[in-house]
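The listed protein sequences derive, respectively, from chains A and B.
673 is the number that my numbering gives to position 127 of the first sequence; each next residue is one higher, with no gaps.
614 is the number that my numbering gives to position 68 of the second sequence; each next residue is one higher, with no gaps.
See below for the structure under consideration.
There are 2 protein chains.
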Amino acid sequence: MSRVLNNVGPMKDETRERVLQAAAELGYVPNALAQQFARRRSGNIGVILPFVPKVHLFSTYYFSEILSGIGETAKRCGYDLLLIFREPDGARDYAKLFRTHKIDACIVLGSENVPEERSALAELKAGGYPFCLVNQRYDDERYETVDADHFAGSKAAVRHLLEQGKLRVAFVNGPEQYSNSADRLEGYRAALADAGISCEEELVYVGNYSRKSGQELAEPIARRIRGGGIDAVFCANDRMAFGLMQGLRERGLEPGEHYALVGYDDSDGSRIISPRLSTVAVPFYEMGSLAAAKLLDAEQRAQAEIAVLPVSFIRRETS
Amino acid sequence: MSRVLNNVGPMKDETRERVLQAAAELGYVPNALAQQFARRRSGNIGVILPFVPKVHLFSTYYFSEILSGIGETAKRCGYDLLLIFREPDGARDYAKLFRTHKIDACIVLGSENVPEERSALAELKAGGYPFCLVNQRYDDERYETVDADHFAGSKAAVRHLLEQGKLRVAFVNGPEQYSNSADRLEGYRAALADAGISCEEELVYVGNYSRKSGQELAEPIARRIRGGGIDAVFCANDRMAFGLMQGLRERGLEPGEHYALVGYDDSDGSRIISPRLSTVAVPFYEMGSLAAAKLLDAEQRAQAEIAVLPVSFIRRETS
DNA sequence: ACTTTTTATGTACACGCGTACATTATGGCA
DNA sequence: TGCCATAATGTACGCGTGTACATAAAAAGT
């Protein structure tokens with residue numbers, strides 16, 4: 547029985563047929579629990595998500611896309627998805643998931659460079675457990691990672707603004723515990739450097755990727771726009787751009803008119819807002835899909851540790 | 547060992563301590579696979595999602611919220627979340643998930659009234675497997691369900707429009723295979739009836755809950771607005787409202803000025819768009835949480851089969 | 001002190017599959 | 001026909017828990 551289903555060892559076609567037919571008649575389905583136990587593999591791939599009850603700290607768009615990508619590949623490889631919400635109180639015993647054999651591999655979303663997280667990941671690596679980070683790098687540790695080229699994306703966005711004659715480009719970045727924040731800052735600086743413009747630190751603002759944090763920066767930025775110190779803003783994600791746009795609008799400043807604006811993520815909102823937001827498209831679906839493939843797909847596993855997928859600037863109406 | 551951890555049977559405190567300490571020293575962690583096998587329970591609750599690769603047929607907001615709600619309650623009850631993407635080719639053998647013991651209970655999201663789905667759910671019920679629908683009712687079958695009061699929500703939205711003096715209210719509904727579409731249509735009709743206005747069938751349009759479908763209705767609706775046949779539109783979700791708003795804007799018609807507009811879902815977008823969209827807030831998080839509680843929580847299980855949660859109209863700038 | 005009840009611990013087996021190994025059929029070849 | 005190699009099938013055991021039952025220790029009652 548086990549042999550026919552798993553096609554192990556030689557056997558007569560006729561025997562296989564007979565067994566299969568008998569199984570069908572009896573309505574036999576293998577007990578996944580027993581299989582997992584006997585194989586000592588759960589067949590589950592864990593996806594670790596930030597715990598955000600009723601609060602959209604991260605773009606839901608972001609996670610839906612990545613999850614879909616992971617799900618598609620996992621299904622193709624015969625794995626199921628086990629969703630794991632990170633504990634709110636900072637307990638991040640990812641390794642325990644492996645020690646209890648709940649998962650065979652895991653993908654960490656929304657990883658951030660803080661001590662608890664670093665030690666949790668180090669423990670995974672030390673245990674030899676297969677895992678993959680998405681959209682976060684730790685430069686001092688070589689973890690399996692799928693990232694996007696946020697340096698190039700930011701550089702392209704800022705270069706575009708400069709090409710529009712906007713030479714006073716402000717930058718609203720996200721928190722530094724995310725490597726992609728640092729990447730974007732570098733991209734911003736590189737674009738300025740290429741244009742022979744010195745990067746002024748007072749033009750770099752920091753939010754927390756939430757809409758609210760963008761809105762809260764409207765006051766100081768509005769002042770600078772009016773004073774001629776800023777003629778364009780590049781936001782590290784769309785949500786902050788939305789908040790900023792709203793805050794500036796309340797102060798009588800319109801994007802595309804009084805200032806140029808570029809966001810990041812190509813989220814749903816960037817298309818429905820008006821004027822439509824220029825932004826940078828990130829292949830979240832593909833990133834999720836690749837992360838899963840790296841863990842599950844034998845062919846992919848030989849690839850380089852850190853995959854960096856290309857992004858693309860999308861010009862719309864705010865720039 | 548098993549007894550101390552599961553606290554079964556009487557035992558001396560000192561013995562418990564000794565065992566626990568020994569376990570700690572040896573770094574023992576129970577093998578979840580063996581536990582599941584021995585208990586013949588997976589400890590997983592399945593969440594069935596529509597398969598939407600790279601296409602946002604449903605609002606991602608909707609699913610993120612529900613998932614978070616389910617996750618919170620599942621964790622509280624000691625269950626894990628197994629994500630199951632519905633097969634694209636119409637194969638919906640939900641019962642197999644139970645027969646293989648992959649899941650102990652399941653929550654069906656995005657269920658739709660089509661034959662394959664009906665038979666899949668009937669099989670679940672026949673097998674006595676615990677499951678819960680969210681946001682979809684089948685009136686001829688009494689399935690465990692968590693729904694929202696879309697009748698009341700729609701009625702409130704339309705009544706609001708009527709109170710604004712908008713007496714020619716068009717309705718852009720979703721596909722009829724969703725019970726909440728029917729609910730909203732009834733709410734729309736009831737509001738009109740209460741105001742003594744007859745419901746004209748040509749004012750009822752049908753989209754598919756996508757932004758595109760809303761946009762595609764802009765042409766006929768624009769004509770009627772110009773002709774005075776429509777002075778307000780109620781859309782069955784925000785996404786269609788966004789599309790419609792965009793389509794009408796391209797035709798020179800502004801919400802809040804040439805026509806009033808109300809959406810549904812209170813999605814993120816409704817707050818970032820301008821003018822900000824009047825809409826109906828649905829407690830998605832609570833719905834997910836309740837659905838999980840109904841399946842997992844012993845106390846909740848005695849509740850009525852169909853829970854209907856309240857919604858609330860939110861007036862913003864488009865009405 | 002002895003029995004009876006209660007409490008605590010020891011022990012063995014079942015759960016349902018995968019798989020290594022033993023056994024038996026089959027076919028090729030001299 | 002006999003012999004060996006190979007293909008096919010039969011068989012038994014292990015995986016690591018939970019748990020029913022047996023046994024031993026402690027407590028309570030006479």
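Idealized CB from N, CA, C, for every residue including glycine.
1) Can you tell me the Cα-Cα spacing of Ile819/A and Ile819/B, whole angstroms?
2) What beta strand (DSSP E) runs, 3 residues minimum, are completely inside the region 770 to 828 of chain A?
3) Name the chain B residues whose beta carbon is nearer than 9 angstroms to that of Ile776/A?
4) For Ile612/A, report the span of its beta strand (DSSP E) as first-last.
5) Pull up the distance between the alpha-carbon of Gly656/B and that of Asn726/B, whole angstroms please.
6) If you measure beta-carbon to beta-carbon, which residues of the region 555 to 574 of chain A are closer than 7 angstroms to chain B?
7) Using three-state DSSP, classify Leu603/B as helix, strand or coil.
8) Are the C-beta of Ser665/B and some C-beta of chain A separated by less than 8 angstroms?
9) Should Cys623/A and Asp843/A be called a contact, given that it needs their Cβ atoms to be closer than 8 angstroms?
10) Use the C-beta contact count for Gly720/A: other C-beta atoms within 10 angstroms, 16 or more gives buried, fewer gives exposed.
11) Using 8 angstroms as the Cβ pair cut-off and three pairs as the minimum, do the region 560 to 575 of chain A and the region 625 to 643 of chain A touch?
12) So, helix, strand or coil for Ile591/B, using DSSP?
13) Quick one: does Leu603/B have its CB under 8 angstroms from some CB of chain A?
14) Closer than 8 angstroms, CB to CB, is Gly617/B near chain A or not?
15) Figure out for me which residue from Arg817/B, Phe609/B and Pro596/B has the closest Cα to the Cα of Asp635/B.
16) When the cut-off is 8 angstroms and only beta carbons count, does Ser824/A lie next to chain B?
17) Which residue spans inside the region 682 to 754 of chain A form an unbroken beta strand (DSSP E) run of at least 3?
18) Mind checking which residues open and close the alpha helix (DSSP H) that includes Ser665/A?
19) Can you tell me whether DSSP reads Leu629/B as helix, strand or coil?
20) Which residues in the same chain as His647/B place their Cβ atom closer than 6 angstroms to its Cβ, once the five residues preceding and following it in sequence are excluded?
21) If you measure from the beta carbon of Ala838/B to each beta carbon in chain A, is any gap under 8 angstroms?
22) Answer with buried or exposed for Gln723/B, where buried requires no fewer than 16 other C-beta atoms within 10 angstroms of its C-beta.
23) Mind checking if Pro856/B is an interface residue toward chain A, Cβ cutoff 8 angstroms exclusive?
24) Using 8 angstroms for Cβ pairs, my map puts Asp695/B next to Val857/B. What's the rounded Cβ distance?
25) Kindly indicate the opening and closing residues of the alpha helix (DSSP H) around Leu579/B.
26) Helix, strand or coil: how does DSSP classify Ile860/B here?
27) Pull up the distance between the alpha-carbon of Arg865/A and that of Glu762/A, whole angstroms please.
28) Any Cβ of chain A within less than 8 angstroms of the Cβ of Ile818/B?
29) Would you kindly work out how many angstroms separate the C-alpha atoms of Phe644/B and Val575/A, rounded to a whole number?
30) Quick one: what's Ala853/B bridged to in DSSP?
31) Mind checking whether Ser700/B and Tyr734/B have CB atoms under 8 angstroms apart?
32) With a threshold of 8 angstroms on Cβ separation, who are the neighbours of Glu663/A within its own chain once the five nearest residues in sequence on each side are excluded?
33) Using the Cα positions of Gly815/A and Thr561/B, report the straight-line distance between them to the nearest angstrom.
34) Do you know how far the Cα of Ala787/A is from the Cα of Gly798/B?
35) Which residue comes first and which comes last in the alpha helix (DSSP H) that contains Val654/B?
Checking against the coordinates, here is how it stands:
1) 5 angstroms
2) 778 to 781, 806 to 808 and 825 to 827
3) Near Ile776/A there are no residues of chain B at all, since even the closest Cβ is about 21 angstroms away, more than 9 angstroms.
4) No beta strand (DSSP E) contains Ile612/A, which is instead part of the alpha helix (DSSP H) from Thr606 to Arg622.
5) 11 angstroms
6) none
7) With a pLDDT of 45 at Leu603/B, under the threshold of 50, the predicted position of this residue should be treated as unreliable, though the coordinate-derived value follows. Here Leu603/B sits in coil by DSSP.
8) no
9) yes
10) buried
11) no
12) strand
13) With a pLDDT of only 45 at Leu603/B, under 50, the local geometry of the prediction cannot be trusted, and the value read off the model is given with reservation. No, no contact with chain A.
14) yes
15) Pro596/B
16) no
17) 691 to 694, 715 to 719 and 750 to 752
18) Pro661 to Gly673
19) strand
20) Ser588
21) no
22) exposed
23) no
24) 6 angstroms
25) Ala578 to Arg585
26) strand
27) The question names Arg, but residue 865/A in the sequence shown is Ser. So the two alpha carbons sit approximately 22 angstroms from each other.
28) yes
29) 10 angstroms
30) Val692/B
31) yes
32) Arg638 and Ser657
33) 60 angstroms
34) 26 angstroms
35) Element bounds for Val654/B: not the alpha helix (DSSP H) but the beta strand (DSSP E), Ala651 to Val654.
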